[in-house]
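Protein chains in written order, with the working numbering: chain A, 1 to 151; chain B, 1001 to 1151.
Ideal placement from N, C-alpha and C gives every residue a C-beta, glycine not left out.
Note that the coordinates shown come from a computational prediction; the quantities given were computed from them, not determined experimentally.
These notes are about the structure you will find just below.
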DNA sequence: TATTGTTATACTCTATAACTATA
DNA sequence: TATAGTTATAGAGTATAACAATA
């Protein structure tokens, strides 16, 4: 039963330093994005234009934090704010072309890092890994209130 | 090609909120340990008696932080300090019986959580998952736990 | 001169509370 | 009354710098 080893590896992966290291590798060279604003930008890319509240639910942040990081990304020219036509209280956050470019750059970097990290495994192993990882996540992680998409 | 889904799942796992949620599940009910001191206690359990500097290297923290958290754990009665016989500058950190008990409790909790999260997967799948995860970690993480450390 | 442990300081991140506007 | 966005404030976490003691 390799449960003990899985536990140790997951624990290592979650160590603050290792998490920050991975985020730094992803965002290095992308101006205006760091390890704290990355989830906001990435979430916006996944969800499409969304309000700060919805985005906050999606990535598990407080909505005040989402607003502040959105402001930072806006000042960096990666995100824009626009009034919601249906609800005058709401503000829709969207990616600018520069923001889309930044997301694309980081996605490419992530896939390249992953491809290299998985290069010593067989395709069947990788497929099994992905399958179990998905189940593990479904069991470990609380579902966001938004619910429709997490991946 | 499940690389994209792996990337998304890993990203979700590393989200600050999800990481904190997992740590909270582990440490809930264990007095004197929280999501910040958990890695220190866990690292001490893996490494055995160690100095603050060595422990800091092991878990990727600054040594000033390791010292402060060790003080907190000491005040909670989970860790003791003792002079190093070989080096008068050094202080050796050790687990108290209460500290060992706390580690055991958290390990059991982690294994139980994992066992449930993996209960829908076949043993062969889990074995493959563990194998690929290990390779992934070796490639992704700068200094894996258990590696030789600088003094 | 370098290293260990520690403390002091400043900075960053995050949540709670409060305010405004709209539903 | 409730909700969206935002700002203000305070609390916690962390790193940098500095100190004394020892190598």
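>> Between residue 1040 of chain B and residue 1105 of chain B, how many whole angstroms is the CB-CB distance? I'm expecting something under 8 Å.
In response: With 8 Å as the limit, residue 1040 of chain B and residue 1105 of chain B do not qualify as a contact, their Cβ atoms being about 16 Å apart.
> Among all the DSSP beta bridges, which residues are the ones paired with residue 1050 of chain B?
Replying inline: B:1093
> How many angstroms separate the CA atom of residue 1076 of chain B from the CA atom of residue 1118 of chain B?
Replying inline: 34 Å
>> So, under 8 Å CB-CB, residue 35 of chain A and residue 23 of chain A are touching, yes? Tell me the CB distance rounded to an integer number of Å.
In response: 4 Å
> Does DSSP classify residue 1141 of chain B as helix, strand or coil?
Replying inline: coil
> Expressed to the nearest angstrom, what Euclidean distance is found between the alpha-carbon atoms of residue 69 of chain A and residue 1085 of chain B?
Replying inline: 50 Å
> Would DSSP call residue 146 of chain A helix, strand or coil?
Replying inline: Because residue 146 of chain A carries a pLDDT of 42, less than 50, the predicted location of this residue cannot be relied on, and the following value inherits that uncertainty. Three-state result, residue 146 of chain A: coil.
> When burial is assigned at 16 or more other CB atoms within 10 Å of the CB, is residue 48 of chain A buried or exposed?
Replying inline: exposed
> Which residues mark the beginning and the end of the alpha helix (DSSP H) in which residue 1012 of chain B is found?
Replying inline: 1003-1014
>> With distance defined between alpha-carbon atoms, name the residue in B:1002, B:1100, B:1008, B:1110 nearest to residue 9 of chain A.
In response: B:1110
> Is residue 36 of chain A helix, strand or coil by DSSP?
Replying inline: coil
> Does at least one heavy atom of the ligand MN sit under 7 Å from the Cβ of residue 34 of chain A?
Replying inline: Judged by which ligands are present, the structure shown has none, so any question about the ligand MN falls away.
> Which residues, taken in chain order from the segment 94-121 of chain A, show a beta carbon closer than 9 Å to some beta carbon of chain B?
Replying inline: 107, 110, 111, 113, 114, 115, 116, 117, 118, 119, 120, 121
>> Strictly below 9 Å CB to CB, what residues from chain A border residue 1142 of chain B?
In response: 17, 18, 21
>> Taking the alpha carbon of residue 1005 of chain B as the reference point, which residue from A:140, A:133, A:142 has its own alpha carbon closest?
In response: A:133
> Thinking C-beta only, is residue 17 of chain A closer than 8 Å to residue 1061 of chain B?
Replying inline: yes
>> With a threshold of 8 Å between beta carbons, is residue 92 of chain A in contact with chain B?
In response: no
> Roughly how many angstroms separate the alpha carbons of residue 130 of chain A and residue 95 of chain A, rounded to a whole number?
Replying inline: 29 Å
> Buried or exposed: where does residue 88 of chain A fall if 16 or more other Cβ atoms within 10 Å of its Cβ makes it buried?
Replying inline: exposed
>> From the DSSP secondary-structure annotation, give me the bridge partner or partners of residue 83 of chain A.
In response: A:91
>> Let me confirm a value: residue 138 of chain A is counted as buried when at least 16 other C-beta atoms fall within 10 Å, else exposed. Which label applies?
In response: exposed
> Are residue 91 of chain A and residue 81 of chain A closer than 8 Å when you measure CB to CB?
Replying inline: yes
> Can you tell me where the alpha helix (DSSP H) with residue 1076 of chain B in it begins and where it stops?
Replying inline: Neither: residue 1076 of chain B is in no alpha helix (DSSP H) and is coded neither H nor E.
> Using a C-beta to C-beta distance shorter than 7 Å, which residues of chain B count as neighbours of residue 85 of chain A?
Replying inline: Ordered by position in chain B, no residue passes the 7 Å Cβ test against residue 85 of chain A, which lies about 30 Å from the chain.
> Mapping DSSP to helix, strand and coil, what is residue 1062 of chain B?
Replying inline: coil
> Using the beta-carbon count (16 or more within 10 Å), is residue 136 of chain A buried or exposed?
Replying inline: buried
> In terms of alpha-carbon separation, which member of B:1011, B:1033, B:1141 lies closest to residue 1079 of chain B?
Replying inline: B:1033
> How would you list, in chain order, the residues of chain A whose beta-carbon sits under 7 Å from the beta-carbon of residue 1009 of chain B?
Replying inline: 133, 134, 137, 151
> Do residue 1019 of chain B and residue 19 of chain A have their C-beta atoms within less than 8 Å of each other?
Replying inline: yes
> Taking Cβ positions only, does residue 2 of chain A come closer than 8 Å to chain B?
Replying inline: yes
> Can you tell which of A:63, A:54, A:140 has the C-alpha that lies nearest to the C-alpha of residue 1112 of chain B?
Replying inline: A:140
> In whole angstroms, what separates the C-alpha of residue 1002 of chain B from that of residue 1051 of chain B?
Replying inline: 43 Å
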